[in-house]
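Worksheet: the structure to be examined is printed underneath.
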Amino acid sequence: MAGYKAWQKNFERHVNKGEKAIRILAPAPYKIKEERDKIDPVTQEIMLDRDGNPQKEEVEITIPAFRAVSVFDVSQTDEKPIPELEAKELLSDVEGYQDMIHAVEDVSPVPIEMEEIAGESKGYFDREARRIVVQENMSESQTLKTIYRVITKKCYIHQPCGFRNRF
1 MAGYKAWQKN FERHVNKGEK AIRILAPAPY KIKEERDKID PVTQEIMLDR
51 DGNPQKEEVE ITIPAFRAVS VFDVSQTDEK PIPELEAKEL LSDVEGYQDM
101 IHAVEDVSPV PIEMEEIAGE SKGYFDREAR RIVVQENMSE SQTLKTIYRV
151 ITKKCYIHQP CGFRNRF
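Under my numbering, residue 167 is the last one in the sequence shown; the count climbs by one each step, no gaps.
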(Lines of atoms letter the chains of each structure in order from A and count residues from 1; the text may use other names and numbers.)
(Lines give C-alpha, C1' and ligand atoms only; values in the text may rest on other atoms or scores of the structure.)
Protein backbone atom coordinates (compact mmCIF):
# COMPACT_ATOMS: atom_id res chain seq x y z
CA MET A 1 0.00 0.00 0.00
CA ALA A 2 1.22 3.47 -0.84
CA GLY A 3 -0.12 6.85 -1.82
CA TYR A 4 -0.51 7.94 -5.44
CA LYS A 5 2.72 9.97 -5.57
CA ALA A 6 4.66 7.45 -3.47
CA TRP A 7 4.05 4.76 -6.11
CA GLN A 8 5.55 7.07 -8.75
CA LYS A 9 8.44 8.45 -6.71
CA ASN A 10 9.54 5.42 -4.68
CA PHE A 11 8.61 2.49 -6.91
CA GLU A 12 8.47 3.91 -10.46
CA ARG A 13 4.94 2.58 -10.82
CA HIS A 14 1.72 4.32 -11.83
CA VAL A 15 -1.79 3.83 -10.52
CA ASN A 16 -4.02 2.32 -13.21
CA LYS A 17 -6.62 4.66 -14.70
CA GLY A 18 -9.99 4.39 -12.98
CA GLU A 19 -8.70 2.75 -9.80
CA LYS A 20 -10.47 3.76 -6.59
CA ALA A 21 -8.33 4.75 -3.62
CA ILE A 22 -8.56 2.87 -0.36
CA ARG A 23 -9.06 5.22 2.59
CA ILE A 24 -7.13 4.38 5.75
CA LEU A 25 -6.26 6.16 8.97
CA ALA A 26 -2.64 7.27 9.14
CA PRO A 27 -0.82 8.65 12.18
CA ALA A 28 -0.80 12.46 12.24
CA PRO A 29 0.43 13.49 15.68
CA TYR A 30 0.73 17.16 16.48
CA LYS A 31 2.46 19.15 19.19
CA ILE A 32 1.09 21.78 21.52
CA LYS A 33 2.78 23.94 24.11
CA GLU A 34 1.31 23.95 27.57
CA GLU A 35 2.20 25.85 30.71
CA ARG A 36 2.54 23.62 33.76
CA ASP A 37 3.77 23.81 37.32
CA LYS A 38 7.52 23.18 37.45
CA ILE A 39 8.42 19.96 39.31
CA ASP A 40 11.65 19.55 41.26
CA PRO A 41 13.42 16.53 39.68
CA VAL A 42 14.81 15.38 43.04
CA THR A 43 11.83 15.77 45.38
CA GLN A 44 9.10 15.49 42.74
CA GLU A 45 7.30 18.42 44.40
CA ILE A 46 6.07 21.63 42.82
CA MET A 47 8.77 24.31 42.86
CA LEU A 48 7.74 27.65 44.36
CA ASP A 49 8.99 31.15 43.57
CA ARG A 50 9.99 33.75 46.21
CA ASP A 51 6.36 34.68 46.82
CA GLY A 52 5.29 31.07 47.41
CA ASN A 53 3.51 30.75 44.05
CA PRO A 54 4.13 27.70 41.86
CA GLN A 55 6.83 28.25 39.24
CA LYS A 56 5.62 27.66 35.69
CA GLU A 57 7.36 26.14 32.71
CA GLU A 58 6.32 25.68 29.11
CA VAL A 59 6.36 22.07 27.92
CA GLU A 60 5.76 20.63 24.49
CA ILE A 61 3.27 17.76 24.38
CA THR A 62 2.73 15.41 21.45
CA ILE A 63 -0.95 14.65 20.90
CA PRO A 64 -1.64 11.37 19.08
CA ALA A 65 -4.02 11.88 16.18
CA PHE A 66 -4.98 10.26 12.90
CA ARG A 67 -6.16 11.50 9.52
CA ALA A 68 -7.77 9.77 6.57
CA VAL A 69 -5.41 9.22 3.63
CA SER A 70 -5.85 7.61 0.23
CA VAL A 71 -3.65 4.66 -0.71
CA PHE A 72 -3.51 2.12 -3.51
CA ASP A 73 -2.64 -1.59 -3.43
CA VAL A 74 0.15 -2.90 -5.66
CA SER A 75 -2.52 -4.72 -7.70
CA GLN A 76 -3.89 -1.29 -8.68
CA THR A 77 -0.56 -0.23 -10.23
CA ASP A 78 1.62 -1.20 -13.18
CA GLU A 79 5.01 -0.65 -14.86
CA LYS A 80 8.31 -1.38 -13.10
CA PRO A 81 8.28 -4.71 -11.19
CA ILE A 82 8.38 -4.59 -7.41
CA PRO A 83 11.48 -6.26 -5.96
CA GLU A 84 10.64 -9.41 -4.04
CA LEU A 85 11.19 -9.03 -0.33
CA GLU A 86 11.63 -12.05 1.85
CA ALA A 87 9.15 -11.79 4.69
CA LYS A 88 10.50 -13.13 7.94
CA GLU A 89 8.36 -15.41 10.04
CA LEU A 90 7.05 -13.73 13.19
CA LEU A 91 7.79 -15.83 16.26
CA SER A 92 6.62 -13.88 19.30
CA ASP A 93 3.71 -14.42 21.65
CA VAL A 94 1.03 -11.73 21.91
CA GLU A 95 -0.34 -10.43 25.19
CA GLY A 96 -4.12 -10.92 25.16
CA TYR A 97 -3.89 -13.25 22.14
CA GLN A 98 -7.12 -15.18 22.83
CA ASP A 99 -9.05 -11.93 23.33
CA MET A 100 -7.66 -10.59 20.04
CA ILE A 101 -8.60 -13.79 18.20
CA HIS A 102 -12.15 -13.63 19.58
CA ALA A 103 -12.42 -9.93 18.67
CA VAL A 104 -11.28 -10.47 15.08
CA GLU A 105 -13.62 -13.48 14.74
CA ASP A 106 -16.48 -11.26 15.94
CA VAL A 107 -15.86 -8.61 13.26
CA SER A 108 -14.80 -10.91 10.43
CA PRO A 109 -17.47 -11.09 7.72
CA VAL A 110 -16.74 -14.80 7.23
CA PRO A 111 -15.65 -17.66 9.52
CA ILE A 112 -11.94 -18.04 10.30
CA GLU A 113 -10.67 -21.62 10.42
CA MET A 114 -7.25 -22.99 11.34
CA GLU A 115 -6.03 -26.00 9.38
CA GLU A 116 -2.97 -27.50 7.73
CA ILE A 117 -2.23 -25.74 4.41
CA ALA A 118 -0.04 -27.43 1.80
CA GLY A 119 2.76 -25.31 0.36
CA GLU A 120 4.12 -21.94 1.47
CA SER A 121 0.84 -20.09 2.02
CA LYS A 122 0.05 -19.02 5.57
CA GLY A 123 -3.56 -18.13 4.86
CA TYR A 124 -6.12 -17.43 2.16
CA PHE A 125 -9.76 -16.60 1.45
CA ASP A 126 -11.73 -19.63 0.24
CA ARG A 127 -14.30 -18.11 -2.15
CA GLU A 128 -16.35 -21.28 -2.57
CA ALA A 129 -16.74 -21.98 1.14
CA ARG A 130 -16.74 -18.23 2.00
CA ARG A 131 -14.24 -18.63 4.82
CA ILE A 132 -10.74 -17.56 5.79
CA VAL A 133 -8.26 -20.41 6.21
CA VAL A 134 -5.14 -19.87 8.33
CA GLN A 135 -2.19 -22.25 8.72
CA GLU A 136 -2.43 -23.95 12.09
CA ASN A 137 0.42 -24.19 14.61
CA MET A 138 2.03 -20.83 13.76
CA SER A 139 3.20 -18.36 16.39
CA GLU A 140 0.59 -16.05 17.88
CA SER A 141 2.03 -12.98 16.17
CA GLN A 142 2.23 -14.71 12.77
CA THR A 143 -1.32 -16.03 13.12
CA LEU A 144 -2.74 -12.58 13.89
CA LYS A 145 -0.72 -10.95 11.09
CA THR A 146 -1.98 -13.55 8.63
CA ILE A 147 -5.61 -13.11 9.68
CA TYR A 148 -5.35 -9.31 9.38
CA ARG A 149 -3.68 -9.59 5.96
CA VAL A 150 -6.30 -11.96 4.55
CA ILE A 151 -9.23 -9.95 5.89
CA THR A 152 -7.75 -6.71 4.58
CA LYS A 153 -6.69 -7.94 1.17
CA LYS A 154 -9.43 -10.34 0.25
CA CYS A 155 -12.40 -8.96 2.14
CA TYR A 156 -11.77 -5.24 1.84
CA ILE A 157 -9.64 -4.50 -1.21
CA HIS A 158 -11.14 -7.11 -3.52
CA GLN A 159 -14.53 -7.10 -1.76
CA PRO A 160 -15.61 -10.71 -2.40
CA CYS A 161 -17.01 -11.24 1.07
CA GLY A 162 -18.99 -8.04 1.61
CA PHE A 163 -16.78 -6.56 4.34
CA ARG A 164 -17.53 -2.97 3.31
CA ASN A 165 -21.24 -3.60 3.57
CA ARG A 166 -20.95 -4.51 7.25
CA PHE A 167 -20.08 -0.96 8.26
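Even for Gly, the Cβ is constructed at its ideal location relative to N, Cα and C.
- In the structure shown, the three-state DSSP call for GLU35 is strand.
- One Cα belongs to GLU140, the other to GLN55, and the distance between them is close to 50 Å.
- In this structure, ILE63 keeps its C-beta atom at 8 Å or more from the C-beta atom of GLU34.
- Taking a cut-off of 8 Å for Cβ pairs, the region 97 to 104 and the region 126 to 146 touch, as three or more such pairs fall below it.
- Secondary structure within the region 56 to 141: the alpha helix (DSSP H) runs of 4 or more consecutive residues, fully enclosed, are 97 to 107 (chain order).
- Assignment of ARG50 by DSSP, reduced to helix, strand and coil, places it in the coil class.
- In the structure shown, the three-state DSSP call for VAL150 is helix.
- No Cβ-Cβ contact shorter than 8 Å links ILE82 with VAL110.
- In the three-state DSSP reduction, ALA6 falls in the helix class (H, G or I).
- In the DSSP assignment, ALA26 falls within the unbroken beta strand (DSSP E) covering 22 to 27.
- Within the model, the alpha-carbon separation for GLU116 versus GLU79 is close to 36 Å.
- Put simply, the backbone Cα of TYR124 is about 27 Å away from that of GLY18.
- Residue burial annotation: PHE72 is buried, with at least 16 other C-beta atoms found within 10 angstroms of its C-beta.
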